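J.: Reading the sequence shown from the start, the letters are residues -14 to 131 in this note's numbering. Even for Gly, the Cβ is constructed at its ideal location relative to N, Cα and C. Just so you know, these numbers come straight off a predicted model, no measurement behind them. Please find one structure pasted underneath; my questions will follow.
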Amino acid sequence: MHTIDTAAPVVVRLTTLIDAPLDTVWSLHTDIDNWPVWNVDIDQAKLAGPLAVGSSFIWRTHGLSITSTIRELVPGRRIVWGGTVEGIVGIHTWTFEQSGDRVAVHTEESWSGTPVEAAVEELATALQTSLENWLDCLKSRAEQTL
-14 MHTIDTAAPV VVRLTTLIDA PLDTVWSLHT DIDNWPVWNV DIDQAKLAGP LAVGSSFIWR
46 THGLSITSTI RELVPGRRIV WGGTVEGIVG IHTWTFEQSG DRVAVHTEES WSGTPVEAAV
106 EELATALQTS LENWLDCLKS RAEQTL
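Written out as structure tokens, the structure reads:
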């Protein structure tokens, strides 16, 4: 099982509950090409190949063009990706769990590298805000599909 770098200077962990079926939430979240449709922070996203371990996707957010590689995939339950952009090494895990009529979505992300060490507080705030927005957008879109 792949995990974040718990010793990284920036680590953010968040959870939200979504009032939608697990299949809906999982499908939205793993349909990478359509992230810009529901996530206002993502300008473009393109998966190269199938959704599978080892596949990469290129996405643009907050002025950065990022290439991420899928490191772990458990359909309907967990996806982990990572990559490096401008010296920042990011590892991002997402876990999905049915909880009654709702889905608990848990995300953890770590950032390490020289740029992070130079601006820990600023980048921690940026990551926290970004992930809160991502979860809010996912929740809003999933609940609208009902």
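Three or more beta-carbon pairs under 8 Å between the region 0 to 20 and the region 84 to 100, yes or no?
T.: Contact holds: three or more Cβ-Cβ distances are below 8 Å.
J.: Since residue 51 and residue 37 should fall inside the 8 Å C-beta cutoff, what is the C-beta to C-beta distance between them, to a whole number of angstroms?
T.: Within the sequence shown, the letter at position 66 stands for residue 51. Within the sequence shown, the letter at position 52 stands for residue 37. With 8 Å as the limit, residue 51 and residue 37 do not qualify as a contact, their Cβ atoms being about 19 Å apart.
J.: Cα-Cα, which of 1, -13, -11 is closest to residue 83?
T.: Along the sequence shown, read from residue 1 onward, the residue named residue 83 stands at position 98. The candidate whose alpha carbon is nearest that of residue 83 is 1.
J.: Using 9 Å as the threshold, is the C-beta distance between residue 137 and residue 75 below it?
T.: The requested residue 137 does not occur in the structure, where the chain is confined to residues -14 to 131.
J.: Using three-state DSSP, classify residue 218 as helix, strand or coil.
T.: One cannot answer for residue 218 here, as it falls past the ends of the chain, which runs -14 to 131.
J.: Is DSSP giving residue -13 helix, strand or coil here?
T.: By one-based count along the sequence shown, residue -13 stands at place 2. In the structure shown, residue -13 sits in coil (DSSP, three-state: anything other than H, G, I, E or B).
J.: Helix, strand or coil for residue 62? Go by DSSP, reduced to three states.
T.: By one-based count along the sequence shown, residue 62 stands at place 77. Note: residue 62 maps to coil in three-state DSSP.
J.: Note down, one range per segment and in chain order, each beta strand (DSSP E) of at least 3 residues found wholly within the region 26 to 70.
T.: Entirely contained in the region 26 to 70, the beta strand (DSSP E) runs reaching 3 residues are, in chain order, 27 to 33, 41 to 46, 49 to 59, 63 to 70.
J.: Nearest to residue 99 by CA position, among -11, -7, 46, is which residue?
T.: For the purposes of this step, residue 99 is taken as residue 114 along the sequence shown, with counting starting at 1. Cα-wise, what sits closest to residue 99 is -7.
J.: Have a look at the DSSP bridge pairing and note the partners of residue 112.
T.: In the sequence shown, residue 112 corresponds to position 127, counting from 1. BP columns for residue 112 are empty, so no partner.
J.: Residue 125: buried (16+ other C-beta within 10 angstroms of its C-beta) or exposed?
T.: Numbered from 1 along the sequence shown, position 140 holds the residue referred to as residue 125. When all chains shown are included, residue 125 counts as exposed.
J.: Using only the alpha-carbon positions, how far apart do residue 78 and residue 4 sit?
T.: Counted from its first residue, the sequence shown places residue 78 at position 93. Counted from its first residue, the sequence shown places residue 4 at position 19. C-alpha separation (whole angstroms): 21 Å.
J.: To which residues of the same chain is residue 66 closer than 7 Å at the C-beta, ignoring the five residues directly before and after it?
T.: Counting from 1 along the sequence shown, the entry for residue 66 is found at position 81. Counting only Cβ-Cβ distances below 7 Å, and skipping sequence neighbours, we find 53, 54, 55, 56, 77.
J.: Provide the residue(s) that pair with residue 106 in DSSP beta bridges, ordered along the chain.
T.: Here residue 106 refers to the residue found at position 121 when the sequence shown is read from its first residue. Partner(s): none; residue 106 has no beta bridge.
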